[in-house]
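Asks: Here the protein sequences line up with chains A and B, keeping their order. Everything in the first sequence is counted per my numbering, starting at 201 for the first residue and increasing by one. Everything in the second sequence is counted per my numbering, starting at 1254 for the first residue and increasing by one. Here it is, the structure, as structure tokens.
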Amino acid sequence: MPAITATAVTSIKALRRNPLRSALTTLGIIIGIASVIAMVQIGEGSSAAIKQTIKNMGANTLIIFPGAAASGGVSFGGGSAVTLTSADAAAIARDCPSVSAAAPVVNARMQLVHGSQNWVPQFLIGSTPAYFTVRDWKLKAGRFFNNDDVRNANEVCVLGQTDVKALFPSGRALGKIILVQQVPLRVIGVLRRKGANMMGMDQDDIVVLPWTTLKYRISGSALMNQNQNASTSSTNSFSPSQLYPQKSQNLYPAVSSVQAADTPNPVTFPNVNNIQVSTPNAAALPQAMAEINALLRQRHHLLPNQPDDFNIRDLAEISHALGKTSMLMTDLLTGVALISLVVGGVGIMNIMLVSVTERTREIGLRMALGAKPIDILGQFIIEAIILCLFGGALGILIGQLLSTMVQSVFHWPIQISVPAVVASFLVSAFVGVAFGYYPAWKASRLDPIEALRYE
Amino acid sequence: MADVIEVKDIVKTYQLGGGPVQVLKGVSMTVTGGEMVALMGASGSGKTTLMNILGCLDRPTSGSYKLDGREISSMSVAQRAQIRNEKIGFVFQNFNLLPRTTALDNVLLPMAYAQGAPAGAKLRKRGVEMLERVGLGQRLDHHPSQLSGGQQQRVAIARALINNPRLLLADEPTGNLDSRTSEEVLRMFQQLNREENLTVLLVTHAAEVAHHASRIIHIKDGLIESGAPPAPAAAQPASAGGP
Chain A
201 MPAITATAVT SIKALRRNPL RSALTTLGII IGIASVIAMV QIGEGSSAAI KQTIKNMGAN
261 TLIIFPGAAA SGGVSFGGGS AVTLTSADAA AIARDCPSVS AAAPVVNARM QLVHGSQNWV
321 PQFLIGSTPA YFTVRDWKLK AGRFFNNDDV RNANEVCVLG QTDVKALFPS GRALGKIILV
381 QQVPLRVIGV LRRKGANMMG MDQDDIVVLP WTTLKYRISG SALMNQNQNA STSSTNSFSP
441 SQLYPQKSQN LYPAVSSVQA ADTPNPVTFP NVNNIQVSTP NAAALPQAMA EINALLRQRH
501 HLLPNQPDDF NIRDLAEISH ALGKTSMLMT DLLTGVALIS LVVGGVGIMN IMLVSVTERT
561 REIGLRMALG AKPIDILGQF IIEAIILCLF GGALGILIGQ LLSTMVQSVF HWPIQISVPA
621 VVASFLVSAF VGVAFGYYPA WKASRLDPIE ALRYE
Chain B
1254 MADVIEVKDI VKTYQLGGGP VQVLKGVSMT VTGGEMVALM GASGSGKTTL MNILGCLDRP
1314 TSGSYKLDGR EISSMSVAQR AQIRNEKIGF VFQNFNLLPR TTALDNVLLP MAYAQGAPAG
1374 AKLRKRGVEM LERVGLGQRL DHHPSQLSGG QQQRVAIARA LINNPRLLLA DEPTGNLDSR
1434 TSEEVLRMFQ QLNREENLTV LLVTHAAEVA HHASRIIHIK DGLIESGAPP APAAAQPASA
1494 GGP
């Protein structure tokens, strides 16, 4: 051990004797490590950004649809059963550990009216506050509605950017009242822009309100004929329709109370159109699907031999793309990092070889004064390692600086990577040994007689 | 006193392009402890080859070489390095000081390879003592480039002495010095030889340098010519300082 310390002291003295040469030698490693650090941090930042984008598209979400109802051998198609309820959504959120949020969703297609403007949004969604978590919506202004709003079926809504533009030419929507089927809704929040989804549909063309409000105050009647509702509402709501009546005259007399009692309004079921579920990450999806399946079968009292009365769908294509993208990114970065480190190592070896030639006389002198070949070998390897570690440390610093600069100048996302820092430190030490060995070995094999006479 | 150098029938053969070349053709010589001997010979005489073997830098092809009673010719590279470190002090023609390194650090260089060497302040004190002994106590922190040729050679002598060697091997120590500085350096060798009983082997081709020694060994064509003491007239000025 003291021998190594003595050799290290010798190495440090030798390095300090020619600071310029030492600096030039270590430059390759500095540049190599700096580029690795910068690249990994910028790369991981982009990778994280890509993951976030894909997550925004719903890669970590599941949608549960009710199953098909059938009567006398005639199936009514997917989603026609009325078995899925908001209580199911609450149970999923509560009892499935792999699920981070679950929101019941009621869809409708109806006209919005504000002042002289009207608009039929692509998505009119009744849900709970969990919906914003599941679909990863962010607020631009105002607030989301809360669970009290849902419980009380309050007349509030949150608007997407497209609808704000369509209904409010001034752009100021917050606090205003819009009408849906004559029901006034106060705009309490405006969503941040999200853009089109994978199908090219405008995701910002959305109105979200408490599902209780939509189901019990607005659509009221059965949701089966929701598309017709839009057209009827447009004729019902406005004065021009009175000026230019488009509706045919009521041919039949008004319903009497006796008739009303004989033919009651259809019962409004508490069912929802679907339940949207999100998991902490895409990897948890299969586990979440299994948990939800078991829970819903139990809640719906299905016997083991009965088929599911619901369907769970995931966005397999997207989550597959996510996995591939991040893997490709990692491979690419690793490849580039390796190349630049090898280049740095070859640089070290190059200059160490030159250094050995240049210091032949010094080596001969040291040997004459009693240095054994192993002492010379040790000295040059330790010199290389010190240079590499020093270069590594400096490279980490410069790389950090570089990526921070890139972040502030180009606004690229970066992510500080501790494993990258640790790895590049270890790798630079390894490069020092690997590429310092050959020059050191060459130095140790010199003949002291010839080395002393070398000019 | 015991023999420091005991050489018997040393042969050294080099394999060159044209076949083997015998440079030393059976050299035998002895140097007793406390002697100051000059090894003289023209270039090509085998003088340098013999010196390399005596300095444990090279091994003879055959024959026996005992330094301070230890057989060298069968030793490994590492063993010889240790012997050089412990028993021999080298003084070279071109000083061979490390550039951009202080005189003190240059003097301490052999101690980096010595086993059981003192460390820290004790080591430094020893280095300072050595430099004071060669009259450079004021120049501890000077770099070689800031010293004159004579001063550089004195630093080299201090470096050769720091391990308390049994043999001081000086290879043309005055070759790069003017006549006045040469005289100073040679006086220093004589003084070390006389006062500390240090065995000195001067390797040179110049007669006026060799005459500072108490005995001259001539080598010619790979063979020792004579081991006779120098003529009294030539030896006189060297020992003239005595009472």
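Every residue gets a Cβ at the ideal spot worked out from N, C-alpha and C, and that includes glycine.
#1: Pick from B:1275, B:1283, B:1388, B:1291: whose alpha carbon is nearest that of residue 1422 (chain B)?
#2: Comparing alpha-carbon positions, which option in A:209, A:230, A:207 lies nearest residue 594 (chain A)?
#3: Quick check: what's the CA-CA separation for residue 628 (chain A) versus residue 1402 (chain B)?
#4: Return the bridge partner residues of residue 1434 (chain B) from the DSSP annotation.
#5: Just to confirm my understanding: we take residue 647 (chain A), look at its own chain, exclude 5 residues before and 5 after, and list those with CB closer than 7 Å. What are they?
#6: Could you tell me whether any Cβ in chain B is nearer than 8 Å to the Cβ of residue 646 (chain A)?
#7: For residue 1265 (chain B), which residues of its own chain have a beta-carbon under 6 Å away from its beta-carbon, when the five flanking residues on both sides are left out?
#8: Based on the DSSP secondary-structure assignment, which residues constitute the bridge partners of residue 1266 (chain B)?
#9: Quick one: does residue 1354 (chain B) have its CB under 8 Å from some CB of chain A?
#10: Quickly, what does DSSP pair residue 510 (chain A) with across the bridge? List them, please.
#11: Examine chain B for any beta-carbon lying closer than 8 Å to the beta-carbon of residue 211 (chain A), and answer yes or no.
#12: I'd like the list of long-range same chain contacts for residue 582 (chain A), defined as Cβ closer than 7 Å, with 5 residues on each side in sequence excluded.
#13: Mind checking whether residue 624 (chain A) and residue 244 (chain A) have CB atoms under 8 Å apart?
#14: Could you say if the stretch 1282-1300 of chain B and the stretch 1432-1448 of chain B meet the contact criterion of at least three C-beta pairs nearer than 8 Å?
#15: Check each residue of the stretch 1434-1461 of chain B: if its Cβ is closer than 7 Å to any Cβ of chain A, include it; give the result in chain order.
#16: Locate the beta strand (DSSP E) running through residue 404 (chain A), then write down its first and last residues.
#17: For residue 410 (chain A), list the residues DSSP reports as bridge partners.
#18: Scan the stretch 555-638 of chain A and note each continuous alpha helix (DSSP H) run of 4 residues or more that stays entirely inside, going in chain order.
#19: CB residue 471 (chain A) to CB residue 282 (chain A), shorter than 8 Å?
#20: Quick one: what's got a C-beta closer than 8 Å to residue 507 (chain A)'s C-beta in the same chain, skipping five residues either side?
#21: Let me see if you follow: with CB-CB separation under 8 Å, is residue 221 (chain A) close to chain B or not?
#22: Does the beta carbon of residue 565 (chain A) come closer than 8 Å to any beta carbon on chain B?
#23: I want to verify the contact list: residues of chain B whose CB lies under 8 Å from the CB of residue 481 (chain A), in sequence order.
#24: Under 7 Å from any heavy atom of the ligand FMN, does the C-beta of residue 506 (chain A) make it?
#25: Reducing DSSP to helix, strand and coil, say where residue 416 (chain A) ends up.
#26: Does the Cβ-Cβ distance between residue 1462 (chain B) and residue 1434 (chain B) come in under 8 Å?
#27: For residue 597 (chain A) and residue 591 (chain A), what's the separation of their Cα atoms in angstroms?
#28: How would you list, in chain order, the residues of chain B whose beta-carbon sits under 7 Å from the beta-carbon of residue 649 (chain A)?
#29: Against residue 1429 (chain B), what residues of chain A qualify as contacts under a CB-to-CB distance less than 9 Å, listed in chain order?
#30: If you compare alpha carbons, which of A:579, A:509, A:403, A:380 is closest to residue 414 (chain A)?
#31: Quick check on the burial criterion: 16 or more other C-beta atoms within 10 angstroms. Buried or exposed for residue 317 (chain A)?
#32: On the criterion of 16 or more Cβ atoms from any shown chain inside 10 Å, does residue 1323 (chain B) qualify as buried, or is it exposed?
#33: Applying the criterion that 16 or more other CB atoms from any shown protein chain within 10 Å of the CB defines a buried residue, is residue 292 (chain A) buried or exposed?
Replies: Straight from the coordinates:
#1: B:1291
#2: A:230
#3: 43 Å
#4: For residue 1434 (chain B), which the question treats as bridged, DSSP gives no partner whatsoever.
#5: none
#6: no
#7: 1276, 1277, 1302, 1313, 1314
#8: B:1275
#9: yes
#10: A:266
#11: no
#12: 207, 208, 211
#13: no
#14: yes
#15: none
#16: Per DSSP, residue 404 (chain A) belongs to no beta strand (DSSP E) and is neither H nor E.
#17: A:327
#18: 560-568, 573-610
#19: yes
#20: 267
#21: no
#22: yes
#23: Neighbours of residue 481 (chain A) on chain B: none; closest Cβ ~58 Å, over 8 Å.
#24: Of ligands this structure carries none, so the ligand FMN is not represented either.
#25: helix
#26: no
#27: 10 Å
#28: 1305, 1310, 1311
#29: Here the premise fails: no neighbours, minimum Cβ distance about 14 Å.
#30: A:380
#31: exposed
#32: exposed
#33: buried
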